[in-house]
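Residue 557, in my numbering, is where the first sequence stops; the numbers in between run on with no holes. Idealized CB from N, CA, C, for every residue including glycine. The structure appears below as structure tokens.
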Amino acid sequence: MSDMRLRFPPSPTGKIHIGNMRTALFNWLWARKNNGELVLRIEDTDKERSTKEFEDIIIQELDWLGLDVDEGAGVGGEYGPYRQSERLDIYQAYAEKLLEKGKAYKCYCSEEELEEMREKAKQKGVMPKYNGHCRNLSKEEEKEYIKEGREPVIRFKLPKEERDVVVEDVIRGDVTFSSSVLDDFIIFKSDGMPTYNFAVVIDDALMEITEVIRGEDHLSNTPKQILIYEALDFDIPKFAHLPLILDSNRAKLKKRSKDDDVYIGEYREKGYLPEALFNFLSFLGWAPPEDNEILSKEETIENFEITDINKSAAVFDIEKLNWVNGKYIRESDLDYIVELSIPFLKDAGFIDDEFVENNYQWLKKVIDVSRTGVDYLAQLPEEAELFFKELEFEDKEAAIKEFNEEGVELVFDSLKEKIEEIDEFTPEKISNIFSELINELPVGGRTVYHPTRLALTGLDSGPEMKNVIYILGKEETYKRLDNALAMSNDN
RNA sequence: GCCCUCAUCGUCUAGGGGUCUAGGAUACCAGGUUUUCAUCCUGGCGGCAGGGGUUCGAAUCCCCUUGAGGGUACCA
Numbered sequence: 067m068s069d070m071r072l073r074f075p076p077s078p079t080g081k082i083h084i085g086n087m088r089t090a091l092f093n094w095l096w097a098r099k100n101n102g103e104l105v106l107r108i109e110d111t112d113k114e115r116s117t118k119e120f121e122d123i124i125i126q127e128l129d130w131l132g133l134d135v136d137e138g139a140g141v142g143g144e145y146g147p148y149r150q151s152e153r154l155d156i157y158q159a160y161a162e163k164l165l166e167k168g169k170a171y172k173c174y175c176s177e178e179e180l181e182e183m184r185e186k187a188k189q190k191g192v193m194p195k196y197n198g199h200c201r202n203l204s205k206e207e208e209k210e211y212i213k214e215g216r217e218p219v220i221r222f223k224l225p226k227e228e229r230d231v232v233v234e235d236v237i238r239g240d241v242t243f244s245s246s247v248l249d250d251f252i253i254f255k256s257d258g259m260p261t262y263n264f265a266v267v268i269d270d271a272l273m274e275i276t277e278v279i280r281g282e283d284h285l286s287n288t289p290k291q292i293l294i295y296e297a298l299d300f301d302i303p304k305f306a307h308l309p310l311i312l313d314s315n316r317a318k319l320k321k322r323s324k325d326d327d328v329y330i331g332e333y334r335e336k337g338y339l340p341e342a343l344f345n346f347l348s349f350l351g352w353a354p355p356e357d358n359e360i361l362s363k364e365e366t367i368e369n370f371e372i373t374d375i376n377k378s379a380a381v382f383d384i385e386k387l388n389w390v391n392g393k394y395i396r397e398s399d400l401d402y403i404v405e406l407s408i409p410f411l412k413d414a415g416f417i418d419d420e421f422v423e424n425n426y427q428w429l430k431k432v433i434d435v436s437r438t439g440v441d442y443l444a445q446l447p448e449e450a451e452l453f454f455k456e457l458e459f460e461d462k463e464a465a466i467k468e469f470n471e472e473g474v475e476l477v478f479d480s481l482k483e484k485i486e487e488i489d490e491f492t493p494e495k496i497s498n499i500f501s502e503l504i505n506e507l508p509v510g511g512r513t514v515y516h517p518t519r520l521a522l523t524g525l526d527s528g529p530e531m532k533n534v535i536y537i538l539g540k541e542e543t544y545k546r547l548d549n550a551l552a553m554s555n556d557n
């Protein structure tokens, strides 16, 4: 282990989405690359919206993508507790410290009064900043407010002198903010919970976090945090603000960006492979030195470099994800794909446990020929349907007409004969039969393939004929061929 | 409004003053393989936001404009 400590601090106010996961992934990558430690901290200071269910989902999804944490919620460690709601006494102690030092003060202004101030400022066209009303309250005034039953918040007292606060960012370089654009911001809410900007500093400092990697949406908050670090004499960690991931409308990807699936769970449920999503997500805002689009986890760690991260936001492109995922589906170990595919085939009602047990090898063949046609596993049942369902003709009349065409009966009979004659029933041998048929029979290739496909699958397109016949087996193939002929004879 | 960030094919990106006639991937189109769809292979289409500088030379450095995004909460 090195001294490097990173953290991923989700707020359990919703299921984890693509953007959060990418942040988690980059933290994980950098931690693993440097033998650092990754801490999972739950930021549940929003009492209204945080739930344990969301916390559990977040932990599950991290695990699903393969991002293991070394320390934190659900894992334990020496810097706990790792849930902010369980650290209130700590935040209070530090707030108290600031109060004592005169670097913070209690503010009794109500939300309504604040809202009014903001309105006024807006009308005047000036920045809506807190006016410092409670900054120098007399004892009497304070007593009066308390008597009124007002619950105070605690505000951070901005340094009097206007000064520049510089965020040294690993990705963006130095970013300078003038303290004049800040106001006396709230560090403790009237419900007794710390605000994000306060809790995050206390925790990162106490947990000895050395690198803060987070989304660019936090960049503007960082000067406030730096001021707190300074007021409390804490060491300031290194910052790296990641470019945001945009939805298809080019806005920050957030819960229910309406045209897109944003939650990790939605992708998991559709049958995107964790390896594929990992690969794809790591390429959002970063690229390896070599022109190689498919990288294993190990290769990604090896190549990953925080200074190589892009500065500009990236649009989440589902088409590219589909390609990556399809690639993984086609190239991963077949048994693994079979294992992942089974639940989808079960859901479709095609198979059950007993069937899997008794027909595993056959199932494997079916999935192998069907996997080339899908982007994600939820599409597999549709692709493989023909192997599970009774033969059905969408347009029976058209089918009969096709089977009645000249040469079709000859093709079917010859096909049966040749299948019967081959020594080995394999796709290769079956493929040879088709070549022979085309050469020997006085018909064109279309007359060989199309009616056969229609007779065997009821469809116009699908897996290669050699595979269809191979999977159907001799008996079923004969049966369907005969059935087609019978249909045509009835007319 | 104010503050901050960003800007290369539709999208993800490579590129850090001459090797850029700007490379790869995806998407799209065409050809080949499979006489099907898909896969796979080959080829093609397509981009340095605009304007000023600096320089012998700028996609690359500087400035402005424009555009996009983020922040400006008793959300995180």
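Query: So the beta strand (DSSP E) E234 belongs to, where does it begin and stop?; Result: D230 to D235
Query: Does P508 pass the burial test, meaning 16 or more other C-beta atoms within 10 Å, or should it be called exposed?; Result: exposed
Query: Can the beta-carbon of S256 be found closer than 8 Å to that of P218?; Result: yes
Query: Which residues bound the alpha helix (DSSP H) around H516?; Result: G511 to T523
Query: Compare the Cα-Cα distances from K154 to each of K186, G138, E371 and P260 and report the closest residue.; Result: Position check: residue 154 holds Leu in this sequence, whereas Lys was assumed. Comparing Cα positions, the closest option is P260.
Query: To the nearest whole angstrom, what separates the beta carbons of E234 and S246, a pair I think is in contact under 8 Å?; Result: The Cβ separation is near 20 Å, so there is no contact.
Query: Report yes or no: do the stretch 493-500 and the stretch 518-538 share at least 3 C-beta pairs separated by less than 8 Å?; Result: yes
Query: Three Cβ pairs or more, each shorter than 8 Å: is that satisfied between the stretch 409-419 and the stretch 339-350?; Result: no
Query: Decide if R280 is buried, meaning its Cβ has at least 16 other Cβ atoms within 10 Å, or exposed.; Result: buried
Query: In its own chain, which residues sit with a C-beta less than 7 Å from the C-beta of D441, not counting the 5 before and 5 after it?; Result: N388, N391 and G392
Query: By DSSP, does V219 sit in helix, in strand, or in coil?; Result: strand
Query: State buried or exposed for N425, treating a residue as buried only when at least 16 other CB atoms are found within 10 Å of its CB.; Result: exposed
Query: Threshold first: 4 residues or longer. Then list the alpha helix (DSSP H) segments lying entirely within the stretch 127-179, N to C.; Result: 154-166
Query: Apart from the five residues just before and just after R98, which ones in its own chain have a Cβ nearer than 7 Å to its Cβ?; Result: I367
Query: Mapping DSSP to helix, strand and coil, what is E103?; Result: strand
Query: DSSP has A380 in a bridge; who is on the other side?; Result: I311
Query: I need the straight-line Cα distance from D110 to Q150, nearest angstrom please.; Result: 6 Å
Query: Could you tell me which residues DSSP puts in a beta bridge with D240?; Result: E234
Query: Let's see if you can read the secondary structure: which residues bound the beta strand (DSSP E) around L72?; Result: R71 to F74
Query: With a threshold of 8 Å, are at least 3 pairs of Cβ atoms found where one atom belongs to the stretch 519-530 and the other to the stretch 448-462?; Result: yes
Query: Got a sec, what are the start and stop residues for the alpha helix (DSSP H) G281 sits in?; Result: Not the alpha helix (DSSP H): G281 falls in the beta strand (DSSP E), residues E277 to G281.
Query: Rounded to whole angstroms, how far is the Cβ of K576 from the Cβ of Y171, which I believe are closer than 8 Å?; Result: Residue coverage of the chain in this structure runs from 67 to 557, which leaves residue 576 outside it and unanswerable.
Query: Pop quiz: N86 and P78 are said to be a contact at Cβ under 8 Å. What is the actual Cβ separation, rounded to whole angstroms?; Result: Not a contact, Cβ separation roughly 11 Å.
Query: In whole angstroms, what is the alpha-carbon distance linking R546 and S501?; Result: 21 Å
Query: E127 and G331 - do their beta-carbons sit closer together than 8 Å?; Result: yes
Query: How long is the line joining the alpha carbons of V422 and L361, rounded to whole angstroms?; Result: 32 Å
Query: Mark V278 as exposed unless 16 or more other C-beta atoms lie within 10 angstroms of its C-beta, in which case mark it buried.; Result: buried
Query: For the alpha helix (DSSP H) that contains I253, what are its first and last residues?; Result: Here I253 belongs to no alpha helix (DSSP H); instead the beta strand (DSSP E) covers I252 to F254.
Query: Considering only C-alpha positions, which residue in the set P529, I237 and V232 is nearest to Q291?; Result: V232
Query: Between which two residues does the alpha helix (DSSP H) carrying I488 extend?; Result: Segment: none, I488 is in no alpha helix (DSSP H) and carries neither H nor E.
Query: Between the Cα of A552 and the Cα atoms of I466, I268, L429 and R88, which residue gives the shortest distance?; Result: I466
Query: Rank Q189, H199, Q158 and K167 by C-alpha distance to the C-alpha of S176 and give the top, closest one.; Result: H199
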